[in-house]
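Residue 55 is where the sequence shown starts when you use our numbering, and the numbers rise one by one after that.
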Amino acid sequence: MFDDSSILITGGTGSFGHRYVKTLLEHHQPRRVIVYSRDELKQYEMQQRFSAPCMRYFLGDVRDKDRLVQAMRGVDYVIHAAALKQVPAAEYNPMECIKTNIYGAEHVVHAALANNVKKVIALSTDKAANPINLYGATKLASDKLFVAANNLAGGHDTSFAVVRYGNVVGSRGSVLPYFRSLRTSGASHLPITDVEMTRFWISLQQGVDFVLRNFQRMHGGEIFVPKIPSIRITDLARAVAPDLPQKVVGIRPGEKLHETMCPADDSRLTLEFDDHYVIRPSITFNSRGNDFNVNGLSEIGQPVSPGFQYESGTNSHFLDVPGISEFNRIAEE
Numbered sequence: 055m056f057d058d059s060s061i062l063i064t065g066g067t068g069s070f071g072h073r074y075v076k077t078l079l080e081h082h083q084p085r086r087v088i089v090y091s092r093d094e095l096k097q098y099e100m101q102q103r104f105s106a107p108c109m110r111y112f113l114g115d116v117r118d119k120d121r122l123v124q125a126m127r128g129v130d131y132v133i134h135a136a137a138l139k140q141v142p143a144a145e146y147n148p149m150e151c152i153k154t155n156i157y158g159a160e161h162v163v164h165a166a167l168a169n170n171v172k173k174v175i176a177l178s179t180d181k182a183a184n185p186i187n188l189y190g191a192t193k194l195a196s197d198k199l200f201v202a203a204n205n206l207a208g209g210h211d212t213s214f215a216v217v218r219y220g221n222v223v224g225s226r227g228s229v230l231p232y233f234r235s236l237r238t239s240g241a242s243h244l245p246i247t248d249v250e251m252t253r254f255w256i257s258l259q260q261g262v263d264f265v266l267r268n269f270q271r272m273h274g275g276e277i278f279v280p281k282i283p284s285i286r287i288t289d290l291a292r293a294v295a296p297d298l299p300q301k302v303v304g305i306r307p308g309e310k311l312h313e314t315m316c317p318a319d320d321s322r323l324t325l326e327f328d329d330h331y332v333i334r335p336s337i338t339f340n341s342r343g344n345d346f347n348v349n350g351l352s353e354i355g356q357p358v359s360p361g362f363q364y365e366s367g368t369n370s371h372f373l374d375v376p377g378i379s380e381f382n383r384i385a386e387e
């Protein structure tokens, strides 16, 4: 579906954008791939790596609605990856996080409708489920905006969906490169926030492939959640630096002990498929169907049991220390 199509990715110079563009160019023949972001240096560096004739680089901020409308002219598919994502930074700079993550989401919706974009997928986070920090709260608001946008579409053919997943192995600012930098610099220990802490674990390529697949699956209004393993932070530390002692330093502002991707309160809306879950919208769409049991690839989902919750601490699939090491090695190939 991406051959001879125009695709735009907001925040396209990030880790996800690099891998997404690489995957598109290797497996498809798009007419245009538009990287939309606000950092000219990162765009310059990305152009050195991806200079195919179909590539376009647009300087712009998701806070700028008019620039987004201009950038989406003639675009078929949009991936909204732009966000302020650092939990402590959001706690100390709340309005900046709100402007990018909430107002920016609204602007993406507006620009997509103004240009009759076919499909939009917004990237979310496990922190948007039962949020306790501002970052998660803004992403929950963003999720709600994209789900409700399917009603705003009216006579337009534009449909919107959300993809939610956990920690991405090796992404910029994440725990894995942080632990590795400490090991390389000769640190005396690795700081552990809490010995009970768990996280969902997904590779960058898995995330990209899941998004690409969901463009085919989506009807509009779904929140897609992949079935992925969990890890214990203490096990991750052992996998990275088995000889370094661990020191408990306490949970950071706004941080959870475990993360949730399908809350129990949404169990009545959740469908289980072979390799993923779908959280159906709680609102009714007036201009399109509301049956999500069969997706665009004819895969069939079944309702989960009442009270079902998909949480990193109670996940049935945990990676042990060797499993984490192998997973990380494959993820970074």
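Just so it is clear, CB atoms sit at the ideal spot from N, CA and C, and this is done for glycine as well.
Unbroken beta strand (DSSP E) run spanning residue i, endpoints
i      : result
PHE254 : 252–256
SER69  : No beta strand (DSSP E) contains SER69, which is instead part of the alpha helix (DSSP H) from 69–81.
SER366 : Neither: SER366 is in no beta strand (DSSP E) and is coded neither H nor E.
VAL279 : 277–280
PRO245 : 244–246
Start-to-end residues for the alpha helix (DSSP H) that takes in residue i
i      : result
TYR378 : Position check: residue 378 holds Ile in this sequence, whereas Tyr was assumed. 375–385 is the extent of the alpha helix (DSSP H) around ILE378.
PRO299 : Where PRO299 is concerned, there is no enclosing alpha helix (DSSP H), given that its DSSP letter is neither H nor E.
SER284 : That residue, SER284, is in no alpha helix (DSSP H); its beta strand (DSSP E) goes 284–286.
THR64  : Element bounds for THR64: not the alpha helix (DSSP H) but the beta strand (DSSP E), 60–64.
PRO231 : 229–238
Beta-carbon contacts of residue i that lie in its chain and below 7 Å, excluding the five residues immediately before and after
i      : result
ALA106 : LEU79
VAL249 : THR288 and VAL302
ALA125 : LEU62, ILE88, TYR90, PHE112 and GLY114
GLY71  : ILE63, GLY65, VAL89 and ALA135
ARG306 : VAL141, PRO142 and THR247
LYS173 : TYR131, SER213, PHE269 and MET272
ALA291 : PHE233, LEU244, ILE246 and GLN300
ARG73  : LEU258, GLN259 and VAL262
LEU351 : GLN270 and ARG271
CA-to-CA distance, residue j to residue i, given in whole angstroms
i      : j      : result
SER257 : GLU309 : 22 Å
THR388 : PHE269 : Because the chain in this structure spans residues 55 to 387, residue 388 falls outside the shown range and cannot be described.
PRO376 : GLY343 : 46 Å
ALA318 : ARG237 : 39 Å
ARG92  : VAL262 : 22 Å
PRO245 : GLN300 : 6 Å
ALA215 : LEU177 : 9 Å
SER366 : ASN170 : 38 Å
TYR232 : ASN340 : 47 Å
THR368 : ILE384 : 25 Å
MET100 : ARG110 : 11 Å
ARG218 : PRO296 : 31 Å
GLY361 : HIS81  : 40 Å
LEU323 : SER359 : 10 Å
VAL129 : CYS316 : 31 Å
HIS312 : PHE278 : 20 Å
THR67  : LEU95  : 10 Å
LYS119 : ALA168 : 11 Å
Beta-carbon contacts of residue i that lie in its chain and below 8 Å, excluding the five residues immediately before and after
i      : result
TRP255 : GLY220, ASN221, VAL223, ILE282, PRO283, SER284, ILE285, LEU373, ILE378 and PHE381
PHE346 : HIS273, GLY275, GLU276, LEU325, VAL332, ARG334 and GLY355
HIS69  : Per the sequence presented here, residue 69 reads as Ser, with His not at that position. Once the five neighbours on either side are set aside, the close Cβ partners of SER69 are VAL222, GLY224, SER225, ARG226 and LEU258.
ASP328 : GLU353
ARG117 : LYS153, THR154, TYR157, GLY158 and HIS161
PRO84  : PHE56, ASP57, ASP58, SER59, SER60, ILE61, LEU78 and CYS108
LEU199 : ILE156, ALA159, GLU160 and VAL163
Chain-order list of residues whose beta-carbon lies under 6 Å from that of residue i (same chain, five-residue window excluded)
i      : result
ALA165 : LEU122, VAL123 and MET126
ALA293 : VAL375, ILE378 and SER379
ILE133 : ILE63 and ILE175
ALA182 : GLY190, LYS193, LEU194 and ASP197
PHE104 : VAL75
ARG86  : SER60, CYS108 and ARG110
VAL348 : ILE354
ALA137 : ASN155
Beta carbon proximity, residue i to chain C, threshold 9 Å
i      : result
GLY361 : Protein chain content of the structure displayed is limited to a single chain, and chain C is not contained in it.
Quick check for students: name the residue ranges of the beta strand (DSSP E) that lie wholly in the region 142–225, counting only runs of 3 or more. 173–177 and 213–217
Residue ranges of each beta strand (DSSP E) within the region 89–147, 3 or longer: 109–113 and 131–134
Is it the case that the region 226–234 contacts the region 179–192, given that we only count it when at least three CB pairs across the two stretches are under 8 Å? no
Write down every uninterrupted run of the alpha helix (DSSP H) in the region 317–362 whose length is 4 residues or greater and which is fully enclosed by it, in chain order. none
Given 8 Å, three or more beta-carbon pairs between the region 206–217 and the region 141–148: no
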